[in-house]
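The block underneath contains the structure these notes are about, expressed in structure tokens.
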Amino acid sequence: MRIGNFGKVILSYIKFKLGNSFHMIKWAALISALMAATMGGVVRVTGSGLGCPDWPLCYGQIIPPMDITAWIEYIHRLSGALAGVFILFLFASGLARYSMQDMILKLIVFTPIIVIVQGLFGAYTVLTEISPMVALIHTGIATALVGLLAIIVALSYDYHDAKLGEGVMDWVGSYWRIILWLLFLTYVLILSGAYVTRTGSSLACQAIPLCGVPFADMAEIQWNHMIHRVFAFIVFILAFVVLFRAWQVKYVPINKIARAMMYVLSVQILLGIGNVVMGLPAELRALHLTTAAVFFAVSSSLVGVLWGIKMYNPDDVPISDSERHK
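Under numbering that gives the first Met the number 0, the first residue of the sequence shown is numbered 0, with each subsequent residue one higher.
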């Protein structure tokens with residue numbers, strides 16, 4: 000056997016193994032991205048953003064000094080690097096498994112690009128000493144990456160032979176836009192929460208459900224806080240609508256994801272209230288930020304399931320009433 004042929008055999012074997020490992024790699028990429036986002040939240044609530052004032056090293060060292068803020072920031076960087084490694088594997092595995100005509104590969108191609116941009120913003124955040132706007136963009140990119148990975152995970156399953164119960168297709172056609180709105184407003188909610196933290200508005204309103212101050216007398220930080228609560232209320236109503244409609248269909252993935260979405264959102268709201276009542280304990284703040292990322296991932300996975308159903312069963316998905324009368 001010539002070396003050229005031997006090389007082709009090796010490449011074919013690597014491609015085969017990567018393609019077969021796709022389902023394991025996609026979950027590793029999503030979980031590692033969630034871990035990185037969680038550590039980013041811990042960095043934020045503990046004020047450890049400048050625990051390592053230089054980049055990519057920490058105080059000019061590979062191993063940081065024995066300082067808690069330095070280690071929190073350093074672990075955040077390591078978790079981000081781990082997510083980057085898994086996303087590179089996801090990219091390679093996606094190339095081995097899919098063709099460029101497949102929508103899922105088109106989505107996968109964006110993931111390493113987002114990771115590179117996110118890393119650059121992370122470095123710039125440190126070098127600009129936590130500029131609020133740069134840090135907010137950094138949070139937004141991390142959240143978008145988690146959502147994209149969750150969509151990829153859900154979309155990668157085969158819906159050709161999905162046993163769609165009665166009413167599922169009507170549900171998909173009618174509520175596709177509502178779920179997209181839910182995802183968009185959840186993203187805005189997460190960014191507004193990050194803005195509340197960055198502007199020191201977390202305890203600006205200590206009454207529940209309103210601020211305890213007449214609207215005319217509210218300061219800017221109190222408006223920042225109340226706007227976050229308003230978005231949370233809207234997201235809760237939309238999530239409840241999605242859950243209510245999910246009960247009317249018999250497709251198990253939709254039911255499970257919709258229920259999980261409401262469970263996580265309920266915990267998230269209770270944690271938010273607990274933060275206000277208990278004066279922002281670091282543990283509750285970290286959990287609040289973690290559940291926000293998990294809720295966005297769960298909501299995104301529902302988008303992925305619906306997208307898969309629409310893509311694999313295009314003739315069966317009816318158009319919504321608004322689309323029908325255009």
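Virtual Cβ for every residue (Gly too), placed ideally from N, Cα, C.
message = Measuring only the C-alpha atoms, how far is S332 from Y262?
response = Coverage of the chain is limited to positions 0 through 325, which leaves residue 332 absent and any answer about it impossible.
query = So, using beta-carbon positions, are L184 and L237 closer together than 8 angstroms?
reply = The residue labelled residue 184 in the question sits at position 185 within the sequence shown. The residue labelled residue 237 in the question sits at position 238 within the sequence shown. The answer is yes: Cβ separation under 8 angstroms.
inquiry  = Going by DSSP, what residue range makes up the alpha helix (DSSP H) through L154?
reply    = The sequence position of residue 154 within the sequence shown is 155, counting from 1. 131-154 is the extent of the alpha helix (DSSP H) around L154.
task = Pull up the CB-CB distance for L126 and K25, whole angstroms please, since I reckon it's below 8 angstroms.
result = The count along the sequence shown starts at 1 and reaches residue 126 at position 127. The count along the sequence shown starts at 1 and reaches residue 25 at position 26. The beta carbons of L126 and K25 sit about 33 angstroms from each other, so the pair does not count as a contact at 8 angstroms.
message = I believe A291 touches G192 by the beta-carbon criterion, under 8 angstroms. Please report the beta-carbon distance rounded to the nearest angstrom.
response = Residue 291 sits at position 292 when you count from the first residue of the sequence shown. Residue 192 sits at position 193 when you count from the first residue of the sequence shown. Contact holds; Cβ gap of about 6 angstroms.
message = Nearest by alpha-carbon distance to L202: which of A259, S173, V275 is it?
response = What you label residue 202 is simply residue 203 of the sequence shown in a count that begins at 1. Closest by alpha carbon: V275.
task = State buried or exposed for L147, treating a residue as buried only when at least 16 other CB atoms are found within 10 Å of its CB.
result = The residue labelled residue 147 in the question sits at position 148 within the sequence shown. Buried is the call here.
query = Grouping DSSP H, G and I as helix and E and B as strand, with all else coil, what is G118?
reply = Position 119 of the sequence shown holds residue 118. Of the three classes helix, strand and coil, the one that applies to G118 here is helix, per DSSP.
key: Residue environment, Y156, which counts as buried when at least 16 other CB atoms sit within 10 Å   = The residue given as residue 156 occupies position 157 in the sequence shown. Burial check for Y156: the Cβ neighbour count within 10 Å stays below 16, so the residue is exposed.
task = Within the same chain, show all residues whose beta-carbon is closer than 8 angstroms to that of D66, passing over the 5 residues directly before and after it, in chain order.
result = Reading the sequence shown from its first residue, position 67 is the one you call residue 66. Correct list, in chain order: G50.
message = Please return the same chain residues whose Cβ sits closer than 8 angstroms to the Cβ of V152, not counting the five positions on each side in sequence.
response = Walking along the sequence shown from the start, residue 152 turns up at place 153. The residues are K25, W26, L29, S300, G303.
message = Please tell me whether K25 has its Cβ less than 8 angstroms away from any Cβ of chain C.
response = As a matter of chain content, chain C is missing from the structure shown, which is built from one protein chain.
message = Measuring CB atoms only, is the stretch 33-44 touching the stretch 280-298, in the sense that at least three cross pairs come out at less than 8 angstroms?
response = Enough Cβ pairs lie closer than 8 angstroms, so yes.
query = Taking buried to mean at least 16 other C-beta atoms within 10 Å of its own C-beta, is W175 buried or exposed?
reply = For the purposes of this step, residue 175 is taken as residue 176 along the sequence shown, with counting starting at 1. By the 10 Å Cβ count, W175 comes out buried.
task = Using alpha carbons as the reference points, say which of Y123, M99, Y158 lies closest to Y311.
result = What you label residue 311 is simply residue 312 of the sequence shown in a count that begins at 1. That would be Y158, whose Cα lies nearest to the Cα of Y311.
task = Specify, as a first and last residue, the run of the alpha helix (DSSP H) that S265 falls within.
result = In the sequence shown, residue 265 corresponds to position 266, counting from 1. It spans 251-277 - the alpha helix (DSSP H) in which S265 sits, taken as one unbroken run.
key: Check: G172 C-beta below 7 angstroms from any heavy atom of the ligand ADP   = This structure does not include the ligand ADP; it has no bound ligands of any sort.
query = From I107, D101, G199, pick the residue whose C-alpha is nearest to that of L87; which is it?
reply = Taking the first residue of the sequence shown as 1, we reach residue 87 at position 88. When each option's Cα is compared against that of L87, the closest is I107.
request  = Count the other CB atoms, across all protein chains shown, that sit within 10 Å of the CB of M132; report buried if there are 16 or more and exposed otherwise.
outcome  = To locate residue 132, count along the sequence shown from 1; it is residue 133. Its Cβ having fewer than 16 others within 10 Å, M132 is exposed.
request  = Identify whether Q205 lies in helix, strand or coil by the three-state DSSP scheme.
outcome  = If you number the sequence shown from 1, residue 205 lands on position 206. Q205: coil per DSSP, three-state reduction.
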